[in-house]
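Engineer:
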Amino acid sequence: MRNVPSVLSIAGTDPTGGAGIHADLKTFQERKAYGMAVVTSVVAQNTKGVQDVWHVPVDMVEQQIRAVFEDIRPGAVKTGMIATPEMIERVADLLEQENDVPLVIDPVMVATSGDSLMEQESLDLMKKRLLPLSAVITPNRQEAEVLTGLSIENIETAEDAAKTLVDEMGASAAVVKGGHLTGDATDVLYSEDGIEYLHAPRTDTNHTHGTGCSLSASIAAELARKNSIKTAVSNSKAFISKAIMDTLEIGKGNGPINHWASRLSKEDIMV
Numbered sequence: 003m004r005n006v007p008s009v010l011s012i013a014g015t016d017p018t019g020g021a022g023i024h025a026d027l028k029t030f031q032e033r034k035a036y037g038m039a040v041v042t043s044v045v046a047q048n049t050k051g052v053q054d055v056w057h058v059p060v061d062m063v064e065q066q067i068r069a070v071f072e073d074i075r076p077g078a079v080k081t082g083m084i085a086t087p088e089m090i091e092r093v094a095d096l097l098e099q100e101n102d103v104p105l106v107i108d109p110v111m112v113a114t115s116g117d118s119l120m121e122q123e124s125l126d127l128m129k130k131r132l133l134p135l136s137a138v139i140t141p142n143r144q145e146a147e148v149l150t151g152l153s154i155e156n157i158e159t160a161e162d163a164a165k166t167l168v169d170e171m172g173a174s175a176a177v178v179k180g181g182h183l184t185g186d187a188t189d190v191l192y193s194e195d196g197i198e199y200l201h202a203p204r205t206d207t208n209h210t211h212g213t214g215c216s217l218s219a220s221i222a223a224e225l226a227r228k229n230s231i232k233t234a235v236s237n238s239k240a241f242i243s244k245a246i247m248d249t250l251e252i253g254k255g256n257g258p259i260n261h262w263a264s265r266l267s268k269e270d271i272m273v
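Heads up: take any position in the sequence shown, counting from 1, add 2, and you land on our numbering.
1) Are Ala-176 and Ile-139 close, meaning C-beta to C-beta below 9 Å?
2) Return helix, strand or coil for Ala-39, following the three-state DSSP convention.
3) Quick check: Thr-249 and His-209, are their CB atoms within less than 9 Å of each other?
4) Could you check what DSSP says for Lys-50 in three-state terms: helix, strand or coil?
5) Count the C-beta pairs between the segment 189-205 and the segment 160-169 that are closer than 8 Å, then say yes if the count reaches three, no if not.
6) Any idea what DSSP makes of Gly-151, helix, strand or coil?
7) Please state the DSSP three-state secondary structure of Val-110.
8) Taking the Cβ atom as the reference point for each residue, do Val-9 and Ala-263 lie within a distance shorter than 9 Å?
9) Does the Cβ-Cβ distance between Leu-149 and Ala-94 come in under 9 Å?
10) Where Ala-1 and Arg-75 are concerned, what is the direct C-alpha to C-alpha distance, given to the nearest angstrom?
11) Within 10 Å of its beta-carbon, does Gln-47 have 16 or more other beta-carbons around it, so buried, or fewer, so exposed?
12) Taking the DSSP output, what are the residues bridged to Asp-196?
13) Below 8 Å CB to CB, which residues in the same chain sit around Val-103 once its five sequence neighbours on both sides are set aside?
14) Need the endpoints of the beta strand (DSSP E) that Val-9 sits in, please.
15) Taking the alpha carbon of Gly-196 as the point to measure from, which residue in Gly-212, Thr-205, His-211 and Ser-174 has its own alpha carbon closest?
16) Across which residues does DSSP place His-57 in a beta bridge pair?
17) From the DSSP output, in three-state form, read off Val-70 for me.
18) Is Arg-33 buried or exposed, if buried means 16 or more other CB atoms sit within 10 Å of its CB?
19) Would the beta-carbon of Leu-167 fall within 9 Å of that of Leu-127?
20) Go ahead and label Met-62 buried or exposed: buried means 16 or more other beta carbons lie within 10 angstroms of its beta carbon, across all protein chains shown.
21) Can you list the alpha helix (DSSP H) stretches of 4 or more residues lying completely in the segment 229-260, in chain order?
22) Determine whether the beta carbon atoms of Ile-67 and Ile-12 lie at a separation below 9 Å.
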């Protein structure tokens, strides 16, 4: 009997649908995986910024995770916004017990709008508890700099950061995203297979809300389908590049990417 790949997102919300679990569930659907979500934080945000955040009680986060694993065991897990030290500790404790399930970490620290989403104590715990559990971590330039303490100015220093995340900090693989560097949007993947460069033409757009969420969600969906890290990242890079290139004009700020882009044209969508 063939199984349906299932994926769990442990992350915050976005009422406008562009980021967080909303972007993750859209991505899972587009990547042919059954999507599930545990809410860690309820976030009042839109394409213009974050207005307020309410963190779900840690016991409730644990109950949600247990409810999923007791019934529909995911083929992969991705984490997004896990903002408090207590929550990071609890989530890490639970995921340590499920260490055969690939974990993709999107180290959500700063929203696309620039609003900070994580304090130093939480960052330190992420590095200590969650990062060593990960099959792959997917920081952008700013997040990689915060995690590693390195200054990333080009592809070579992005490569140094990726190697630091794996060789010194315990991740199994790292993708340092190049969207914030100059030139083409080149991501650096470092894993047991060495260094890989994933290239895509740069798209001049401010419709990038939820890019990091969606990339990590796509990688998790690919891993749930038993694809290798290299294949998962490569396929996900292509999916996200198309979603950025064929953006929808939604929102008054940093608008969302187009999750439909790989299968529908704008003419199919617009009314």
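By construction, the Cβ of each residue, glycine as well, lies at the ideal position given by its N, Cα and C atoms.
Structural biologist: Put simply:
1) yes
2) The answer is strand: DSSP assigns Ala-39 an E or B state.
3) yes
4) coil
5) Yes, they touch.
6) In this structure, Gly-151 counts as coil in the three-state DSSP scheme.
7) coil
8) no
9) No, these two residues do not count as a Cβ contact at 9 Å.
10) The structure shown does not extend to residue 1, since the chain is modelled only from 3 to 273, so the question has no answer here.
11) Buried, since its Cβ has 16 or more Cβ neighbours within 10 Å.
12) Before going on, a small fix: residue 196 reads as Gly here, not Asp. Looking at the DSSP assignment, Gly-196 forms a beta bridge with Ser-193.
13) Arg-75, Pro-76, Gly-77, Ala-78, Val-79 and Leu-97
14) 8-13
15) Ser-174
16) Ser-43
17) helix
18) buried
19) Contact check for Leu-167 against Leu-127 fails: the beta carbons are separated by 9 Å or more.
20) Exposed is the call here.
21) 231-247
22) For Ile-67 and Ile-12, yes; Cβs fall inside 9 Å.
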